[in-house]
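For the working numbering, count along the sequence shown from 1 and bump the result up by 15.
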Amino acid sequence: MLNCDQYLMPETLEEALAQWAGAPEGSRLLAGGTDILPWAREGRAGHVHLPVIIDISRVKELRGYDVADGRVRLGANVVFQQFLTDDELRHHLPCMPHCSIWFADDQIREQATLAGNIVNASPAADGVPPVFAMNGTVEIARLEGGSIVRRSVSSRDFITGPGRTILEAGEIVTAVTCDSMAGYGGAFEKVGQRRSLVISVVCAVCLVKLSADDKTFADVRLSLGGISPVPVRLDAAEASLKGQPVSRESVLAAVKTAGDLVRSRTRREYRGEVVRGFIERAIEDALADYGVALSPPEMKEAALANT
Ligand SMILES: Cc1cc2nc3c(=O)[nH]c(=O)nc-3n(C[C@H](O)[C@H](O)[C@H](O)COP(=O)(O)OP(=O)(O)OC[C@H]3O[C@@H](n4cnc5c(N)ncnc54)[C@H](O)[C@@H]3O)c2cc1C
């Protein structure tokens, strides 16, 4: 069970930052609470008593999103359900509806923030690989001498290990900013222990854009979660596909570059096999989302022989 001496609900960022800076050690920020509440139960942290909980879900500056100069700025309180229901977000972030449909259930998605998912920094977090693939940056604020001071960090530098980030005392994540991927095809693949409400064992995200004649890969974004302490962007596989013809051979050649990425301590062989199949399927599904079909899987043997 989770309880606390004080439960604060600031309405402005300045108020939240002041409360957070002055909170006694052991206090916590809470956004949707979907990581914090299950953490305070038997079998995990058990009974937890915190001095102060600062619930930032009502902070105005953390709500909503903007699109400008090819980037989408998502306020820290944007929840996963919005990626399914908001047409503009679906247009600019075409992998996110695929990610969100696999994410928990309707009730959790209404509460769970993308920022909370990133700060929690689980190796299996579903929201992190898409943000890596979309060149995500994390915006952070703190109070200094009574003024709000801000900094931005690449999402790939923000997470430093399982449950670890570069956030310092008194800092709050205010937004996550990503490339607009409007016009790309998007896909998200996930495998877990069961079909529903499942935490990923491995997940993969892919975004593709083709040349004007649909014959070659113009841009490809690939990222994986669950295979290592921190999700990874597949830079080599992306580079190997750019400019290549849209064919099963090109895809299988790119998949080969990603097979030895698995760093997990458990089930490495299984994860390696899953990873290769996943990347191939993610690229194929992103192409299908773009409106282009790869050669049928029965021609895979022939394609493999050519790679
Ligand atoms: C039933 C269930 C199913 C789930 N399924 C999935 C799933 O399929 N995939 C998946 O990836 N996750 C899943 N989760 C985990 C969880 O929903 C996500 O990690 C969620 O996105 C966390 O966001 P939150 O707003 O609830 O964070 P909270 O629980 O409120 O906070 C999480 C952490 O982030 C910190 N924090 C939150 N916001 C900020 C901020 N703005 N600045 C600084 N620190 C902040 C908090 O202090 C805390 O340490 C599931 C959880 C449950 C209970």
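Quick reminder that beta carbons are idealized off the backbone N, C-alpha and C, glycines included. None of these values were measured; they are calculated from a predicted model.
query	result
Residues in the same chain with beta-carbon distance under 6 Å from PRO39, minus the five sequence neighbours each way, listed in chain order, please.	PRO66
For ARG73 and GLN122, what's the separation of their Cα atoms in angstroms?	18 Å
Going by alpha carbons, who is nearest to LEU256 out of ALA119, PHE232 and SER195?	PHE232
Tell me the rounded alpha-carbon separation between VAL134 and ASP70.	15 Å
Starting from GLN259 and walking both ways along the beta strand (DSSP E), at which residues does that stretch end?	Run containing GLN259: none; DSSP gives neither H nor E here.
Only counting runs of 3 or more residues, tell me where the beta strand (DSSP E) segments fall wholly within the stretch 20 to 54, in order along the chain.	43 to 45
Find out if the Cβ-Cβ distance for the pair ALA219, LEU239 is shorter than 9 Å.	yes
State the beta-bridge partners of CYS323 as determined by DSSP.	The chain is shown only over 16 to 322; residue 323 falls outside these bounds and no answer can be derived.
Taking only the alpha-carbon atoms, compute the straight-line gap between ARG166 and ASP50 and give it to the nearest angstrom.	25 Å
Taking C-alpha atoms, which residue in VAL153, VAL247, ALA184 and PRO144 lies nearest to GLY201?	PRO144
Which two residues bound the contiguous beta strand (DSSP E) that contains TYR80?	80 to 83
Tell me the rounded alpha-carbon separation between GLY85 and ARG157.	27 Å
For ARG165, which beta-bridge partners are listed by DSSP?	ALA156
Nearest to ALA119 by alpha carbon, out of ALA227, LYS205, ARG282 and VAL247?	LYS205
Quick one: what does DSSP say CYS114 is sitting in, helix, strand or coil?	helix
May I have the straight-line CA-CA distance separating GLY306 from GLU299, to the nearest angstrom?	10 Å
Check the Cβ-Cβ distances between THR27 and every residue of chain D, and say whether any is below 9 Å.	Within the model displayed, chain D is absent; a lone protein chain is all it includes.
Using the DSSP secondary-structure output, state which residues sit across from PHE95 in a beta bridge.	Answer is none; PHE95 lacks a bridge partner.
Which one or two residues does DSSP pair with ASP234 in a beta bridge?	LYS224
Whole angstroms is fine: what's the gap from ARG236's alpha carbon to ALA31's?	36 Å
Answer with buried or exposed for ARG263, where buried requires no fewer than 16 other C-beta atoms within 10 angstroms of its C-beta.	buried
Taking the C-alpha atoms as reference points, what is the distance between VAL93 and VAL266?	34 Å
Provide the residue span of the alpha helix (DSSP H) that contains VAL277, from first to last.	No alpha helix (DSSP H) holds VAL277; DSSP gives it neither H nor E.
For ILE69, list the residues DSSP reports as bridge partners.	LEU23 and LEU44
Does the stretch 159 to 176 come close enough to the stretch 243 to 250 that 3 or more CB-CB pairs lie under 8 Å?	yes
Look at the Cβ atom of VAL153, then the Cβ atom of ALA190, and state whether they are nearer than 9 Å.	yes
With H, G and I counted as helix, E and B as strand and the rest as coil, what does DSSP make of LEU108?	coil
Per DSSP, which one or two residues make a beta bridge with HIS64?	ASN18
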